[in-house]
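Chains A, B and C are the protein sequences, given in the same order.
First residue of the first sequence? That's 1486 in this note's numbering, and the numbers climb one at a time after it.
First residue of the second sequence? That's 10 in this note's numbering, and the numbers climb one at a time after it.
First residue of the third sequence? That's 19 in this note's numbering, and the numbers climb one at a time after it.
No residue lacks a Cβ here, since even glycine has one placed at the ideal position from N, Cα and C.
Beneath this line is the structure, given in C-alpha cells, with notes to follow.
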Amino acid sequence: MKYTESHEWIENGQENIVRIGVTQYAQKELGDIVYVELPTTGRDINAGQELAVLESTKAAADVYSPATGTIVEVNSKLTDHPELINQSPEDSGWIVKIKVSNPAELDLLMDRQGYDQFLNGK
Amino acid sequence: MKTAFEKTQSKQRAYTIPFSYETLSFPFPPELQRQSPLMLPEISEIDLTRHFANLAERNMGIDTNFYPLGSCTMKLNPRVNEVAAALPGFARTHPLAPDETVQGNLQIIDELIGFLCKLCGMTAGTLTPNAGAQGEFTGIHMIAAYHRQKGDQDRTEILIPDNAHGTNPATAAMAGFKTITIPTNAQGDMNLDDLRKAVSKRTAGLMLTNPNTLGLFSPVISEICKIVHDVGGFLYYDGANLNSIMNIARPGDMGFDVMHINLHKTFSTPHGGGGPGSGPVLCNEILKPFLPVPQVYKDKSGYHVKWDEPNSIGQVAPFHGNFGIYLRAYLYAKLHGNFGLRKISEVAVLNANYLKSKMGQFFAIPFPQTCMHEFVVQADRFLDKGVRAADIAKRMLDYGVHAPTVYFPLIIKECMLIEPTESESKATLDHFIQIIEAIVNEINADPFNVFNAPQSTPVSRLDEVRAAKQPILKHTLVQPF
Amino acid sequence: MDFISNKSPQIAAMLSEIGLDGIDDLFSSIPSDLRIRGPETDDGLSEYEGLRLMEELAVKNTFSSYENYLGAGAYEHHVPALVSSITSKSEFLTSYTPYQAEASQGMLQAIFEFQSAICALTGMDVANASVYDGASACAEAILMAFRHHKNRNKVLIGQSLNPRYGAVIKTYLQCLDYNIVTIPFTKDGGVDLDFIRKEADHTTAAILLQNPNYFGVLDDVRASFEIAKKESIICIVCADPIVYGICPSAKELLADIAVGDCQPLGLPLEFGGPYAGYMACRQDLVRQLPGRIAGETVDTHGERGFVLTLQAREQHIRREKATSNICTNQALASLASLVTILWYGKEGMKELAMANYQRAAYLKSRLQKINGILISHGRTTFNEFVAEFKMPLDKVIKHFQKNGIQPGVSLNNNSLLIAVTEVKSLQQLDRYVKVAQEVA
Chain A
1486 MKYTESHEWI ENGQENIVRI GVTQYAQKEL GDIVYVELPT TGRDINAGQE LAVLESTKAA
1546 ADVYSPATGT IVEVNSKLTD HPELINQSPE DSGWIVKIKV SNPAELDLLM DRQGYDQFLN
1606 GK
Chain B
10 MKTAFEKTQS KQRAYTIPFS YETLSFPFPP ELQRQSPLML PEISEIDLTR HFANLAERNM
70 GIDTNFYPLG SCTMKLNPRV NEVAAALPGF ARTHPLAPDE TVQGNLQIID ELIGFLCKLC
130 GMTAGTLTPN AGAQGEFTGI HMIAAYHRQK GDQDRTEILI PDNAHGTNPA TAAMAGFKTI
190 TIPTNAQGDM NLDDLRKAVS KRTAGLMLTN PNTLGLFSPV ISEICKIVHD VGGFLYYDGA
250 NLNSIMNIAR PGDMGFDVMH INLHKTFSTP HGGGGPGSGP VLCNEILKPF LPVPQVYKDK
310 SGYHVKWDEP NSIGQVAPFH GNFGIYLRAY LYAKLHGNFG LRKISEVAVL NANYLKSKMG
370 QFFAIPFPQT CMHEFVVQAD RFLDKGVRAA DIAKRMLDYG VHAPTVYFPL IIKECMLIEP
430 TESESKATLD HFIQIIEAIV NEINADPFNV FNAPQSTPVS RLDEVRAAKQ PILKHTLVQP
490 F
Chain C
19 MDFISNKSPQ IAAMLSEIGL DGIDDLFSSI PSDLRIRGPE TDDGLSEYEG LRLMEELAVK
79 NTFSSYENYL GAGAYEHHVP ALVSSITSKS EFLTSYTPYQ AEASQGMLQA IFEFQSAICA
139 LTGMDVANAS VYDGASACAE AILMAFRHHK NRNKVLIGQS LNPRYGAVIK TYLQCLDYNI
199 VTIPFTKDGG VDLDFIRKEA DHTTAAILLQ NPNYFGVLDD VRASFEIAKK ESIICIVCAD
259 PIVYGICPSA KELLADIAVG DCQPLGLPLE FGGPYAGYMA CRQDLVRQLP GRIAGETVDT
319 HGERGFVLTL QAREQHIRRE KATSNICTNQ ALASLASLVT ILWYGKEGMK ELAMANYQRA
379 AYLKSRLQKI NGILISHGRT TFNEFVAEFK MPLDKVIKHF QKNGIQPGVS LNNNSLLIAV
439 TEVKSLQQLD RYVKVAQEVA
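What follows is the structure in C-alpha cells.
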C-alpha cells in the first residue's frame, strides 16, 4: 500500500488495476460519514483530480486521485452504507478502482512508514 | 411535539373568504382543474394559535436569552422598529406604485443610502440585495462588469483569506471566479508577502472583512488595499463586522471600493429565525455605474424610480429588495444618529474586551492583543477528557445561554467565536463568566453532564448523522381512502 | 436614543478591570490616519420623535388611499390576523438560524412544516426552507439544472415569464457561460409549442415556464414539459402558490422543480419585500437543492426533534463548491406563509383560489363588453388579465386615479395588466367598470 499527503491510500492489484480509499486518520477527522458522491465508471482521471466527495454532517472532503488512469469500478455499497468508510476505511470501505496508465507514478508516493512519520509531524 | 399535519380534524377550519355571499359562477375548465387531492391539514383557529404558541416556547431568542453568537451581532431588536414597519402607509404600498404615490418610501431609500455612504466613506449604493450573501453577489458582479467593460478578459481570480466566511468563496464561484486562498499568520492578520505573491494581472479583486472573522483589525489594511490596487484589482469589504467601527473608521478610507452591510447584524433588524435580512451595497465613483436597478433619484419634482441604467449589472431582486427590513434600519439609524452609532461601536468593543479579559483563565486565547467587537477562544485543552467545543456549547444551553459560534473560523481548532454586542449589561456579562466557570469546573470534576448536554431544552442532543443518512424532510397527510 | 445598557459607572469599572485608561485605548490597533473624530453632539432622536418621523413619512405615501389593481408579481391579499401575532412573538422574531438545534425546535419545526406545506401544494417530493424571492428561486433552479446536466449549456425560458424575474435570472447567469433562449408566446397568450419542439434538444439543461404567466394566462405547461422530457430536460414551473388550490399540481404538470414566491400567502405588499421564494423538487434532485433544509430525527431519549440537515451542500461547509452562496433564508416570512396556508387549510386554499378566479373573471367579462376595451388574450386567466385600451393609456390611468383607483400595471401596447383578488367586492368591481366606461 502507498499513501498520499491528503490521506488517500492506494493498493496495487493485478493488470495495473489499483484500489483507492482514505486512511484511518482521514475517517476519524471527518467523523460519521453520511454520504459519498461516487464518480461514474469509464471516466478518465488525472492524478490530483477530484475523484469523490465524502460528506459528514459538518464537513465535506474531496478525495483526490493519486494516479492517472480510467475508473473501472466504484464501491456501490457505499451508496446505502457510507459508514463502511468509518468502520473499515482501509479495506471494505474502499472507494474506487482505477486502471492506471502510468504505474511509475505510484513509486513517488509514501509507504506506510513514511505516512506514519508524516502524521507524527502534524 | 406533533406537527400541524398530525393535528388535522375533518372539516375543522379557521378561514373565511371575503364576500362569500356574492355568488359568482364562471365555469372553470375541467382540463385546467387539479386532479390530485390537496393534502393540507384542517385545523381550527384555537388549535392553530396554540400550536404556534407551543412552538415558540421551544425556541430561544435574544429577547429571552443572552446570545453571544460571534459574527452574527445578536443585539436587541427594538420594538419601536416593529411598530414603525407595521404602519399601513408602508405595508400596503405596491412596489410598482406610481412614484408620486410612494414619496415617503422613496425618501427613505434615498436618505438611507446617503446616510450609509457617509458612514462608510462611499459615494453611492443600493438597498436591493436581500441579504449579505446577495450583497456580496452584487459587489462581485459589479467588479466583474468593470473588468469586462475594460476588455480585461484575464481577471479570473478572487483572493480570499482562509478565515473568511463561507459565503465569500461561494459568491466568487457563482460569478465564475477561481478562489485563491491567502493564509492568516500567527498574529491573526494577513501576511503581506503571501499577498504580494498571490496578486497578479489575473486578480479581479480581494474580499476582506476588517476587523476580520477573528475579531482583529488589520493595522496594515491600507497596505493590503494598495497591493491589490497596484495590480488593477478591486477591494471588496464584507461588512459583517461593521458594528465595531462605526464613526471610528470607514471602509472607504481604508481603500475599499465596494462593500455590503448586514442590516440584520449592525442595524438591529430582527433575525427572524434565519431571515429575512438585508444586504445593502455601497461603492465608490469608479463602480457606481454598475450598481443594480431599480434606483431612486431626487429632482425638483420629488423622488423617482428608474429601472434602466446603461452600465448596470441589472436587477438582483425583482423589486426594491426587502423594504420592510431596511425601513427598520432607517429608523434605527435616525434614533441613534451618528453620535449613537459611535457609542454602539465603543461599547461593543469594550464589552468584548471585558469578556475576553476574563476568559483567559478558562480557555486558550490564540490572539492576546486587544480585540474588536468579537474574539476567539480555543476550547481544545479539554480534549484529553474527550470534551470538545460542541459539548461546551450544548452545556451552555442548560445554563440558559445560547452558545457562541463554534467551529468558525475554520482555521482555529475547537474554536468558539464570542460577540456580546453593545446591548448587554455588565451584569449579564459577569453572569456569563460565572456560567463558563461552572461548566469548566464540571469538566474538571466529572464531565458527565457536559457530554449529555443539553438536558433542560425541549429535546436532548439530536442525532444529526441519522438526519443526514435517513432524511425525513416533510410530513404528509395520510390518504383518507 | 440608543439601546446600550452599560453607562458610565459600568464602563469605568470595566475599563479599570481590563487595565485601560479610556475607551480610545480600545482602538489602538487602528492606524491614526484612519481614525475619524466622532460627532460631538447627540444627533439622535427620542423614541417619540422617531415614531413621529416614520408616521410623517408613511403619510407621504398616498398609495393606500387608492383601490389597488396592481399585480405583476406582488398581490394584495387578506393577511390573517393570526399571522402577525405569531411572527411578532419574541422567540420567532429575535432568534437566529437554528444552528443549535436543541434551542431552536420551534423554528426548525416551523421550517419543516413549511417544507411539508409547499410539498402538499406543489405535489413535489422535497422543498427547502425558502430563498429570497420568486426571482432568485427561478435563477437557483436553473443553476440546479446546469449542475445536474454538467455538459449542457442552454436554458429555454418563456417570454411570458415576469420580466423582472427574467432580469434577475439574467444577472445570475451573467458571468457564467450559459445560453438563454426565449420561448415566444402566441397571440392567445400561450407558449409557442412548435418553438419548444424545435429548440428542446440534448444541449438544453432546463426549461422554465410561469403559470399563470405574467399575463395571468393559464398556460400549456404540461404539453411543453412532455416535449422537453424526451431529452431529459429539467422542467421548472414558476407559480403563484395560490393557484395550486384549483389548478394541477406541479407534479401533475410533469415538473421536476417547482418555484415561486410566497408573497400572496400572508405577506403584505411592503413595497417589494420581504417576500419568500419557495423551491421544491423531485427526490433525486435533493442534493442539488440550494438553501437550508430541515429534517426530522431523534434525540438521545428517542424523542422526535428537528435539525438542519444535508448541510454539506451549503456555503459554510462547501465554500467555493457550495450549491449556492445563500446563507439567510426568509425564515420569518416563510413562517407567515405557513401560518396562512394552515389558516386556509385543505378546503380554504381551494375556496381562496376559486374566489380569485371568479372575481377576476367577473371584471374581465364586464370589461369585455365595453367598446374601446379589448381583452388581449382569449385563454383562461387566473387572477390577472391584460386589457388593451383605445384611449391613450396615460389618460386612462389619470382618470382612474382621479376616481381613487390604481387600475393596473402599464404594459407596452397601451394595455393594463389588471389583478383582481379575493379582497375586491362586486361593488368595487362594478365601480371599476363604471370608471372604465368613461374612458372607453
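{"Query": "Endpoints, the alpha helix (DSSP H) within which C:Thr200 is located", "Result": "Premise fails: C:Thr200 lies in the beta strand (DSSP E), Asn197 to Ile201, not in any alpha helix (DSSP H)."}
{"Query": "C-alpha distance - B:Ile26 paired with C:Glu440, whole-angstrom precision", "Result": "7 Å"}
{"Query": "Chain B within 9 Å of C:Phe407, Cβ atoms only", "Result": "no"}
{"Query": "Interface partners of C:Ile254 on chain A, CB under 9 Å", "Result": "By Cβ distance, chain A contributes nothing, its closest Cβ being about 23 Å from C:Ile254, past 9 Å."}
{"Query": "Cα-Cα separation between C:Val357 and B:Arg67, rounded to whole angstroms", "Result": "17 Å"}
{"Query": "Residues bridged to C:Phe403 (per DSSP)", "Result": "C:Ile436"}
{"Query": "Short CB-CB distance (under 9 Å) between C:Ile436 and chain B", "Result": "no"}
{"Query": "Where B:Ala477 meets chain A, residues with beta-carbon distance less than 9 Å", "Result": "Asp1517, Val1519, Tyr1520, Glu1540, Ser1541 and Thr1542"}
{"Query": "Span separating the alpha-carbon of B:Gly288 from that of B:Gly281", "Result": "15 Å"}
{"Query": "Through-space distance from C:His167 to C:Leu236, alpha-carbon basis", "Result": "29 Å"}
{"Query": "Of the listed residues C:Lys420, C:Asn421 and C:Arg384, nearest to C:Ala405 (C-alpha basis)", "Result": "C:Arg384"}
{"Query": "Burial state of B:Phe391, where buried means 16 or more other Cβ atoms lie within 10 Å", "Result": "buried"}
{"Query": "Where B:Ser310 falls, given that 16 or more other Cβ within 10 Å makes a residue buried", "Result": "exposed"}
{"Query": "Complete runs of the alpha helix (DSSP H) confined to the region 59–100 of chain B [at least 4 residues]", "Result": "88–94 and 97–100"}
{"Query": "Best match in C:Thr222, C:Tyr114 and C:Leu285 for proximity to C:Val460 [C-alpha to C-alpha]", "Result": "Since the first residue shown for chain C is 19 and the last is 458, residue 460 of chain C is missing from the structure and cannot be characterised."}
{"Query": "Own chain partners of B:Val474 with C-beta closer than 8 Å, once the 5 adjacent residues on each side are dropped", "Result": "none"}
{"Query": "Contacts that B:Glu473 makes with chain A (C-beta to C-beta distance below 7 Å)", "Result": "Thr1542"}
{"Query": "Contact list for the region 325–350 of chain C against chain A, Cβ threshold 7 Å", "Result": "Gln329, Ala330, Ile335 and Arg336"}
{"Query": "Segment contact, 8 Å Cβ cut-off, at least three pairs: the region 343–358 of chain C with the region 421–431 of chain C", "Result": "no"}
{"Query": "Any non-hydrogen atom of the ligand GDP closer than 8 Å to B:Ala154 Cβ", "Result": "Absent from the structure shown: the ligand GDP. Ligands present: none."}
{"Query": "Assigned secondary structure, B:Arg205 (DSSP; H/G/I helix, E/B strand, else coil)", "Result": "helix"}
{"Query": "Local conformation of B:Cys129 per DSSP, three classes", "Result": "helix"}
{"Query": "Complete beta strand (DSSP E) runs within the region 1498–1531 of chain A (minimum length 3 residues, chain order)", "Result": "1502–1507 and 1518–1522"}
{"Query": "Proximal chain C residues relative to B:Leu249, where beta-carbon distance stays under 9 Å", "Result": "Before going on, a small fix: residue 249 of chain B reads as Ala here, not Leu. Correct list: empty, because the minimum Cβ distance to chain C is about 10 Å."}
{"Query": "With 16 other Cβ atoms within 10 Å as the buried cut-off, status of C:Lys442", "Result": "buried"}
{"Query": "CA nearest to the CA of C:Phe21, picked from B:Ala357, B:Asn450 and B:Pro413", "Result": "B:Ala357"}
{"Query": "Test item: CB-CB of C:Ile129 and B:Ala142 under 9 Å", "Result": "no"}
{"Query": "Alpha-carbon spacing of C:Phe110 relative to A:Gln1509, whole angstroms", "Result": "43 Å"}
{"Query": "Span of the beta strand (DSSP E) around C:Thr315", "Result": "Ala312 to Val316"}
{"Query": "Same chain, Cβ closer than 7 Å to B:Phe490, neighbours up to 5 away in sequence not counted", "Result": "Note that B:Phe490 scores 43 on pLDDT, short of 50, meaning its location in the model is unreliable and no value can be drawn from it."}
{"Query": "Assigned secondary structure, B:Val314 (DSSP; H/G/I helix, E/B strand, else coil)", "Result": "strand"}
{"Query": "Nearest-angstrom Cβ-Cβ length linking C:Tyr380 and B:Phe14, presumed shorter than 8 Å", "Result": "Contact doesn't hold; Cβ gap of about 35 Å is too wide."}
{"Query": "Residues near B:Gln324 in its chain [Cβ-Cβ closer than 7 Å; skip 5 each side]", "Result": "Pro301 and Val302"}
{"Query": "Beta carbon proximity, A:Pro1574 to chain B, threshold 9 Å", "Result": "no"}
{"Query": "Identity of the residue in B:Ile445, B:Ile149, B:Lys127 and B:Leu128 nearest B:Gly185 by Cα", "Result": "B:Ile149"}
{"Query": "Any chain B beta carbon closer than 9 Å to A:Pro1567", "Result": "yes"}
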